Amino acid sequence: MLDLIFSKVGPVFLTILCGYLLMRTRILSREGIPVLARIAMNVFIPAMLFQTLSQSDIRAHFDLRLWGAYYGGALLNYVLVYFTARLTLGAKNDEAAITAVGGVFSNVVLLGIPLIQAVYGEDGLVPLLIVLAIHPLTLLGLTIFLVEGSRSSGETRLATVAGSMVRVLKNPIIIAIIAGVAASLVGLKLPEIATNTLERFRVAGPTVALILVGCGLYGQSVRGNLTASLLCTCAKLFIQPVLVFSIAYFVFDLPPLWLTVVTIMAALPAGANVAILAGNYQICIDRSATTILITTLISVVTLPLLVLYAGAQP
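As numbered in the numbering used here, residues 1 to 314 make up the sequence shown, in order.
Written as structure tokens, this is what we have:
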């Protein structure tokens, strides 16, 4: 079983370390990271997602139980963090919403995809992408609605929320997922030259994503409300995986591979969208950055242990 960690999970975290070292040795500069991130998020990763989905039999894999298991646990965790922040931290409605999304929103794109692909291959990637299809819309959408609800009312609130959701839908990753699903459903076959080009992007995408995770760790420090960040960390890395696993196993009876995938997704560290959302609304910026830092560092230990416990799936 330890071979699984060293051969599959080890390279994932070593690549993250390489990203950190590239920043530390100044081979990569802070000015260059946004450019690298735009290339990854707008080209490499969308191309990889489209190719994976378009070449998969979505009809055979799509199952609403995946959404029910993952989002049932995530939304229950969201409610727990939200009311804990309100009652124990004295957070206002918008602060509690941003705190809650920090405790539930997983870094699926930059870390989850490379990890699942490395350990479980394409068979594990398909259920992950099905869950990812509505990941931003559900959790970010709920947070946007709560934050806007505390700042406006009536038609103004609905217009603002609708505008925010339209911007989410315009994200190249969401577009790639929708296009990939559509291509799979209609049986679209791309020319060989297009397939080979997408294959090159598919290989590059996860590697660049992991390097970006490592780059993001460099120069970060613990700041802001540490109590709130620790609350989010506990909820994100420990409570959410238990909730998702319990619902997936006892309520929806997911098959072993799907059960493992949704549990690992729930156990991923907080994603960068948490900090982006906090920055957009100028709320809890420091605690959001600290949550991402702490959960990412702890996940270096927790994720390999989880994979080791789950083992390889047939």
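Note that CB positions come from ideal geometry on N, CA and C, so glycine has one too.
Since the model is a prediction, treat every value here as computed from it, not as a measurement.
Return helix, strand or coil for alanine 91, following the three-state DSSP convention.
The count along the sequence shown starts at 1 and reaches residue 91 at position 91. DSSP places alanine 91 in coil when its eight states are reduced to three.
Can you have a look at asparagine 280 and say buried or exposed, based on whether 16 or more other CB atoms are within 10 angstroms of its CB?
Numbered from its first residue, the sequence shown carries residue 280 at position 280. Residue environment: asparagine 280 is assigned as exposed (fewer than 16 neighbouring CB atoms within 10 Å of its CB, all protein chains considered).
Selected residue, minimal CA-CA separation from leucine 17, among Pro269, Ala228, Leu210 and Asn273:
Taking the first residue of the sequence shown as position 1, residue 17 is located at position 17. For the residues Pro269, Ala228, Leu210 and Asn273, the minimum Cα distance to leucine 17 belongs to Leu210.
Could you give the C-beta distance for valine 181 and leucine 53, rounded to a whole number, given that I count them as a contact under 8 Å?
If you number the sequence shown from 1, residue 181 lands on position 181. If you number the sequence shown from 1, residue 53 lands on position 53. Indeed, because the Cβ distance is near 6 Å, the residues count as touching under 8 Å.
With 16 as the cutoff for other CB atoms within 10 Å, does arginine 287 come out buried or exposed?
Here residue 287 is taken as the residue at index 287 of the sequence shown, counted from 1. With 16 or more neighbouring CB atoms inside 10 Å of its own CB, arginine 287 falls in the buried class.
Are leucine 243 and asparagine 107 closer than 8 Å when you measure CB to CB?
In the sequence shown, the residue the question calls residue 243 occupies position 243. In the sequence shown, the residue the question calls residue 107 occupies position 107. For leucine 243 and asparagine 107, no; Cβs fall outside 8 Å.
Can you list, in chain order, the residues of its chain with a C-beta nearer than 7 Å to that of isoleucine 45? Leave out the 5 residues immediately preceding and following it.
Along the sequence shown, read from residue 1 onward, the residue named residue 45 stands at position 45. Counting only Cβ-Cβ distances below 7 Å, and skipping sequence neighbours, we find Val109, Ile173, Gly205 and Ala209.
Start-to-end residues for the alpha helix (DSSP H) that takes in proline 191
Position 191 of the sequence shown, counted from the first residue, corresponds to residue 191. Per DSSP, proline 191 belongs to no alpha helix (DSSP H) and is neither H nor E.
Cβ pair alanine 69, tyrosine 82 closer than 8 Å
In the sequence shown, the residue the question calls residue 69 occupies position 69. In the sequence shown, the residue the question calls residue 82 occupies position 82. Taking 8 Å as the Cβ cut-off, alanine 69 and tyrosine 82 do not qualify as a contacting pair.
Contact set for proline 314: own chain, Cβ-Cβ below 6 Å, skip 5 residues either direction:
Here residue 314 refers to the residue found at position 314 when the sequence shown is read from its first residue. Annotation note: pLDDT 49 at proline 314 (below 50); position unreliable, coordinate value reported separately. Same-chain partners within the cutoff: there are none.
Are the CB atoms of proline 127 and tryptophan 258 nearer to each other than 8 Å?
In the sequence shown, residue 127 corresponds to position 127, counting from 1. In the sequence shown, residue 258 corresponds to position 258, counting from 1. Going by C-beta atoms, proline 127 is nearer than 8 Å to tryptophan 258.
Please classify serine 56 as buried or exposed, where buried requires at least 16 neighbouring CB atoms within 10 angstroms.
On the sequence shown, position 56 is the one that residue 56 refers to. Buried, by the Cβ-count rule.
Simplified DSSP assignment, three categories, for serine 221
As a working mapping, residue 221 is identified with position 221 in the sequence shown. Coil at serine 221, not helix or strand.
Enclosing alpha helix (DSSP H) for glycine 271 [first to last residue]:
For the purposes of this step, residue 271 is taken as residue 271 along the sequence shown, with counting starting at 1. In the DSSP assignment, glycine 271 falls outside any alpha helix (DSSP H) and carries neither an H nor an E.
Can you look up proline 314 in the DSSP assignment and give me helix, strand or coil?
By one-based count along the sequence shown, residue 314 stands at place 314. Because the pLDDT of proline 314 is 49, which lies under 50, any placement of that residue in the model is unreliable, and the number read from its coordinates should be weighed accordingly. Assignment of proline 314 by DSSP, reduced to helix, strand and coil, places it in the coil class.
Please report the straight-line C-alpha distance between isoleucine 285 and leucine 297, rounded to a whole angstrom.
Here residue 285 is taken as the residue at index 285 of the sequence shown, counted from 1. Here residue 297 is taken as the residue at index 297 of the sequence shown, counted from 1. The alpha-carbon separation between isoleucine 285 and leucine 297 amounts to approximately 19 Å.
As assigned by DSSP and simplified to three states, the class of serine 229:
Here residue 229 refers to the residue found at position 229 of the sequence shown. Residue state, collapsed to three classes: helix.
Find out if the Cβ-Cβ distance for the pair leucine 105, asparagine 273 is shorter than 8 Å.
On the sequence shown, position 105 is the one that residue 105 refers to. On the sequence shown, position 273 is the one that residue 273 refers to. Residue identity differs from the one stated: residue 105 is phenylalanine in this sequence, not leucine. The answer is yes: Cβ separation under 8 Å.
Cβ-Cβ distance between isoleucine 177 and alanine 133 below 8 Å
On the sequence shown, residue 177 is found 177 positions in, with the first residue counted as 1. On the sequence shown, residue 133 is found 133 positions in, with the first residue counted as 1. Contact: yes.
What is the rounded straight-line gap between the Cα of serine 299 and the Cα of arginine 30?
Here residue 299 corresponds to residue number 299 of the sequence shown, with the count starting at 1. Here residue 30 corresponds to residue number 30 of the sequence shown, with the count starting at 1. Each residue's Cα considered, the two are about 24 Å apart.
Serine 56, DSSP secondary structure in three states
Position 56 of the sequence shown holds residue 56. In the structure shown, serine 56 falls within a coil segment according to DSSP collapsed to helix, strand and coil.
With burial defined as no fewer than 16 other Cβ atoms inside 10 Å of the residue's Cβ, what is the status of glycine 121: buried or exposed?
As a position in the sequence shown, residue 121 is number 121, starting the count at 1. It counts as exposed.
Exposed or buried, lysine 236, counting other C-beta atoms within 10 Å across all chains shown (16 or more means buried)?
Working through the sequence shown from its first residue, we reach residue 236 at position 236. By the neighbour-count rule (16 or more Cβ atoms within 10 Å), lysine 236 is buried.
Could you tell me the distance, in whole angstroms, from the CA atom of isoleucine 292 to the CA atom of leucine 268?
Your numbering for residue 292 matches position 292 in the sequence shown. Your numbering for residue 268 matches position 268 in the sequence shown. Pairing isoleucine 292 with leucine 268, the inter-Cα distance amounts to about 10 Å.
Round the Cβ separation of isoleucine 239 and leucine 80 to the nearest angstrom and send it over; I've been treating them as touching at under 8 Å.
Within the sequence shown, numbered from 1, the residue matching residue 239 stands at position 239. Within the sequence shown, numbered from 1, the residue matching residue 80 stands at position 80. Right, their Cβ atoms sit about 7 Å apart.
Using a threshold of 8 Å, state whether the C-beta atoms of leucine 125 and glutamine 117 are closer than that.
Counting from one through the sequence shown, the residue named residue 125 turns up at place 125. Counting from one through the sequence shown, the residue named residue 117 turns up at place 117. The Cβ atoms of leucine 125 and glutamine 117 sit closer than 8 Å to each other.
My output table needs one value for serine 184: the three-state DSSP class, helix, strand or coil.
For the purposes of this step, residue 184 is identified with residue 184 of the sequence shown, where counting begins at 1. Of the three classes helix, strand and coil, the one that applies to serine 184 here is helix, per DSSP.
What's the C-alpha gap between glycine 219 and leucine 303?
Counting from 1 along the sequence shown, the entry for residue 219 is found at position 219. Counting from 1 along the sequence shown, the entry for residue 303 is found at position 303. So the alpha carbons of these two residues sit roughly 23 Å apart.
With distances taken from CA atoms, which of Val203, Leu277, Asp63 and Ala278 is nearest isoleucine 130?
Indexing the sequence shown from 1 puts residue 130 at position 130. Looking at the Cα atoms, Asp63 is the closest of the given residues.
With C-beta atoms as the reference, is phenylalanine 201 less than 8 Å away from methionine 48?
Residue numbering aside, residue 201 sits at position 201 when the sequence shown is read from its first letter. Residue numbering aside, residue 48 sits at position 48 when the sequence shown is read from its first letter. Cβ atoms of phenylalanine 201 and methionine 48: closer than 8 Å.
Could you tell me the distance, in whole angstroms, from the CA atom of threonine 84 to the CA atom of isoleucine 193?
The sequence position of residue 84 within the sequence shown is 84, counting from 1. The sequence position of residue 193 within the sequence shown is 193, counting from 1. The straight-line gap separating the alpha-carbon atoms of threonine 84 and isoleucine 193 is approximately 53 Å.
Who are the near neighbours of isoleucine 98 in its chain, counting only those whose CB is closer than 6 Å to its CB and skipping five residues on each side?
Stepping through the sequence shown from its first residue, residue 98 is reached at position 98. If we look at isoleucine 98 and ignore the five residues flanking it on each side, its Cβ neighbours are Ala278, Ile283 and Cys284.
Taking glycine 102 as the reference, which of Ser229, Leu14 and Phe6 has the closest Cα?
By one-based count along the sequence shown, residue 102 stands at place 102. Per the Cα distances, Ser229.
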